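Report on one structure; see the data block that follows.
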Amino acid sequence: MPYVLSTAFIKPGKKQRLQDWYTELEHRKDEAFQTLDNEGVRQEVAFILPTEHGDLLAVFIEVDDMDSANEAFFSSPFEIDHQHRQVMDECTEGGSEGRVYADLMYAFQNPKTPAPS
């Protein structure tokens, strides 16, 4: 599976804490890239989507094997992964283990348009 959409509802009152964490990740890119390498993740993009049921965290992940990526994350030697897990446990319904994965319907890549770098 090359693409995964991981979702979790954000707990009431925790949206700002989650946004602050993602801002911190931007400042700690070198550490974050180490964890992506460890997990076999090529790309990860997070969105917050307001819905009538509350704010939804939606994370797009480009990875060949999500099960292996999760195993690497949950047994990670990196402190930033432990911190990430704590923030997800604090801020999302179901915590870091409660993500719901969307079913992939299709994935197109326009062969005439190079991917942005």
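Taken in order, the sequence shown gives residues 3 to 119; the numbers are from the working numbering. Every residue gets a Cβ at the ideal spot worked out from N, C-alpha and C, and that includes glycine. Since this is a predicted model, take the numbers as computed values, not measurements.
As assigned by DSSP and simplified to three states, the class of Q45: In the structure shown, Q45 sits in a strand (DSSP, three-state: E or B).
What's the call for R30, buried or exposed, on a 16-neighbour Cβ count within 10 Å? exposed
Pull up the distance between the alpha-carbon of E28 and that of P113, whole angstroms please. Each residue's alpha carbon lies about 30 Å from the other.
Going by DSSP, name the residue or residues bridged to L51. L58
Spatial distance of F75 from K13 (CA atoms): 22 Å
For F11, which three-state DSSP category applies? Reduced to three states, the DSSP call for F11 is strand.
Tell me whether T53 is buried or exposed, calling it buried when 16 or more other Cβ atoms sit within 10 Å of its Cβ. exposed
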